[in-house]
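Inspection log for the structure reproduced underneath, given as structure tokens.
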Amino acid sequence: MDGVLPEDGFSADRLFNQGYSYTYDDVIFLPHYIDFPTDAVNLSTKLTKNIDLYIPCVSSPMDTVTESSMAVAMAALGGIGIIHYNNLPFEQAALIRSAKSRRIPLISDPIFKSPSDSIDSIDEFASSPCVFVTESGNSKSKLLGVVSKSDWESLTDKETPVSDFMLGSPVSAPSKYSFEQAAAFLAAKKLDYVPLVREHDGEVVDLFTTHDVQRIHGYPKLGLPSLGPDGEFMVGAAVGTREQDKERLEHLVKAGANVVVLDSSQGNSIYQIEMIKYVKRTYPELDVIGGNVVTVYQAQNLIQAGADALRVGMGSGSICTTQEVCAAGRGQATAVYKVSSIAEQSGVPVIADGGIANSGHIVKALVLGASTVMMGSFLAGSNEAPGAYDYQDGCRIKKYRGMGSLEAMTKGSDARYLGDTSKLKVAQGVVGAVADKGSVLKFIPYSMQAVKQGFQDLGASSLQSAHDLLRTKVLRLEVRTGAAQVEGGVHNLVSYTKKSF
Ligand SMILES: NC(=O)C1=CN([C@@H]2O[C@H](COP(=O)(O)OP(=O)(O)OC[C@H]3O[C@@H](n4cnc5c(N)ncnc54)[C@H](O)[C@@H]3O)[C@@H](O)[C@H]2O)C=CC1
Ligand SMILES: O=c1[nH]c(=O)c2[nH+]cn([C@@H]3O[C@H](COP(=O)(O)O)[C@@H](O)[C@H]3O)c2[nH]1
Ligand SMILES: [K+]
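Using the numbering used here, read the sequence shown as starting at 885 and increasing by one per residue.
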């Protein structure tokens, strides 16, 4: 066939310069050419200029998303969690320390007693198979013994102090054991559970059980964990831009935070620019993530100030009302593309923050230029998110709230601003709930497999290759009309069930 091929689709450059603010759902990539298998797709990436990740996933610094359990699981998967700062500085530091003292991607809740305590009811065991007895009755002193639930149940006099019937000098394993090492230890010693004890101070860090071994073996195989130079799990932390946040920052650095996120909805401010410079001056080894930004101009200012990565998104989050309340923001697909275009020139990675509802959105964010995605609602219904499950209309749910919701601000202003109640509070977020999703250790690997399939369809075997295909206009896009979006979803069925994996 002679002649020039007819033009097919738009380049990103042309599509995103038409004066429209596009969301992920508005746009669709045209498939390209496949010359490699799905498993050849490499999703390893950069969080910041100096931090590499095995998978492009970051959990949001929100008090219903990231505390120690989420941070541990995200690091074990090869991503990273950012611990929120809606708490007192010492509390945030304790969450970082707790996450960094683990090697196993789960955190149990061991129960402690002192030798003179008794156990009055079976409820005191909660879901634990045992109770640990320490000098002080909490984790922070020497382990003296252990009481198993079955031993307590066979006891006739339940008022006896635990020292009378506990099993003394219990076997323990070092807390630095990896999952494989701890599982092998349980098997070799034929134990049902073992306390994991930190070697340097004897603190009981966790309880590890055969049930945990079975659970983790049931999940897809973990990739390479995110470990810092200290060999511990990498953990990030959020911090504000107020004067008192400098003191908080000192706590975070002492606790071992590997990276800090300056957590603002509109990051292009004199306050943030000064804070970025302060962080780089005071802790030159610490990477700082600036944001949030959605425009080239905002991005340029933070890059110039020294940001090691940019967090992109304003009003795109599932719990966000910023665009309604403040009339500022941008469609997330446009924001990610525009900011990535300028950030790439300075080698500054972009985190696409907010609006991720499915694996297709992750593909879109990454191909449009982001190096990682930050997720709130996508992770909030998991076992690893803070808070207990509840039931609503027969559905198992977890609470999920915006950090700019009245509820979160009321809790936080006491902790963050030392009881600053003088200001009028206007919410920029809501309090809601999300459905139970099980463990991130299970659904993130499946989501990453789906992302790899998306990359394969586009002929991109890595993030760099996707970014190159987009910039060189090889990869084409189109805007989906309302009808095209309906057609792209499930339609015209009387009923259906959707099970993704
Ligand atoms: N990504 C998004 O679209 C949005 C996110 N959020 C989340 O809600 C939380 C709160 O966000 P923001 O209200 O933007 O928090 P923020 O603490 O950055 O800003 C609150 C107010 O304090 C001011 N401020 C900050 N530093 C200051 C200083 N040193 N001196 C004087 N004034 C200063 C800011 O200009 C702003 O008016 C964050 O967790 C954020 O991520 C909230 C709204 C939108
Ligand atoms: O307008 C807002 N009001 C809020 O109260 C709020 N809280 C969090 N965020 C931002 O939303 C992101 C999470 O969004 P998703 O649930 O869509 O993942 C987060 O990562 C934040 O960027 C907020 N935005
Ligand atoms: K929104």
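Glycine included, C-beta positions come from ideal geometry on N, C-alpha and C.
Since the model is a prediction, treat every value here as computed from it, not as a measurement.
Legend entry - CB of R1364 within 8 Å of CB of D897, strictly: no
Legend entry - Proximity test, Q1128 beta-carbon vs ligand 1 heavy atom, cut-off 7 Å: no
Legend entry - Q1312 beta carbon near ligand 2 (any heavy atom closer than 7 Å): yes
Inset, instruction - Give me the Cα-Cα distance between D1171 and L1111, rounded to the nearest whole angstrom. - result: 15 Å
Inset, instruction - May I ask you to check if the CB of M1258 is nearer than 7 Å to at least one heavy atom of ligand 1? - result: no
Legend entry - Beta carbon shell of ligand 3 at less than 7 Å from a heavy atom: G1199, S1200, G1201, S1202, C1204, T1205, Q1207
Legend entry - Span of the alpha helix (DSSP H), counted from its first residue to its last, around D855: Residue 855 lies beyond the range of the chain shown here (885 to 1385); nothing can be said about it.
Legend entry - Extent of the continuous alpha helix (DSSP H) to which P1329 belongs: 1324–1342
Inset, instruction - Flag S1289 as yes when its Cβ comes closer than 7 Å to any non-hydrogen atom of ligand 2, and as no otherwise. - result: yes
Legend entry - D1147 Cβ short of 7 Å to ligand 1 heavy atom set: yes
Legend entry - S1266 CB to nearest heavy atom of ligand 2 below 7 Å: no
Legend entry - Rounded separation between S1331 and Y1181 - CA only: 33 Å
Inset, instruction - Report yes or no: do three or more beta-carbon pairs, one from the segment 1229–1249 and one from the segment 918–926, lie closer than 8 Å? - result: no
Legend entry - One or two residues paired with C1279 in a DSSP bridge: Q1276
Inset, instruction - Return the chain-ordered list of same chain residues with a C-beta closer than 7 Å to the C-beta of Y938, the five sequence neighbours on each side being excluded. - result: S928, G962, G1107, L1108, S1110
Inset, instruction - Could you tell me if the beta carbon of M946 falls within a distance shorter than 7 Å of some heavy atom in ligand 5? - result: As for ligand 5, it is missing from this structure, which binds only ligand 1, ligand 2 and ligand 3.
Legend entry - Proximal residues to P1168 (C-beta, below 8 Å), its chain only, five neighbours per side dropped: none
Legend entry - Counted within 10 angstroms of its Cβ, other Cβ atoms place S1000 as buried (16 or more) or exposed: exposed
Legend entry - As assigned by DSSP and simplified to three states, the class of S1346: strand
Legend entry - Through-space distance from K1024 to V1031, alpha-carbon basis: 18 Å
Legend entry - Beta-carbon contacts of T950 that lie in its chain and below 7 Å, excluding the five residues immediately before and after: S943, S944, G965, I966, I967, H968
Legend entry - Inter-residue Cα distance where the pair is G1115 and N1142: 11 Å
Inset, instruction - Just tell me which of P1045, G1231, I1203, V1089 has its CA closest to the CA of Y1061. - result: V1089
Inset, instruction - Per DSSP, which residues does F913 bridge with? Please list them. - result: L1361
Inset, instruction - For Q976, verify whether its CB is less than 7 Å away from any heavy atom of ligand 1. - result: no
Inset, instruction - Would you identify the three-state DSSP class for N1185, choosing helix, strand or coil? - result: helix
Inset, instruction - Just grab the DSSP bridge partners of P1058 for me. - result: V1081
Legend entry - Helix, strand or coil at L1302 [DSSP, three-state]: Its pLDDT being 47, under 50, L1302 is placed unreliably by the model, and nothing is read from it.
Legend entry - Close Cβ partners of E1087 (< 6 Å) along its chain, the five nearest in sequence each way excluded: S1023, K1024
Legend entry - Residue span of the alpha helix (DSSP H) that contains G1265, given as start and end: No alpha helix (DSSP H) holds G1265; DSSP gives it neither H nor E.
Legend entry - Buried versus exposed call for V1163 [16 or more other C-beta atoms within 10 Å across all chains shown]: buried
Legend entry - 8 Å Cβ cutoff met for R987 and S1059: yes
Legend entry - For E1019, the nearest candidate out of K997, D1007, D1004 (CA to CA): K997
Legend entry - Continuous beta strand (DSSP E) stretch holding R981: start and end: Segment 973–984 is the alpha helix (DSSP H) holding R981; no beta strand (DSSP E) there.
Legend entry - Contact check, G1265 vs K1326, beta carbons under 8 Å: no
Inset, instruction - Take the Cβ of L1302 as the centre, count every other Cβ of all protein chains shown within 10 Å, and call the residue buried at 16 or more, exposed below. - result: Because L1302 carries a pLDDT of 47, less than 50, the predicted location of this residue cannot be relied on, and no value is offered for it.
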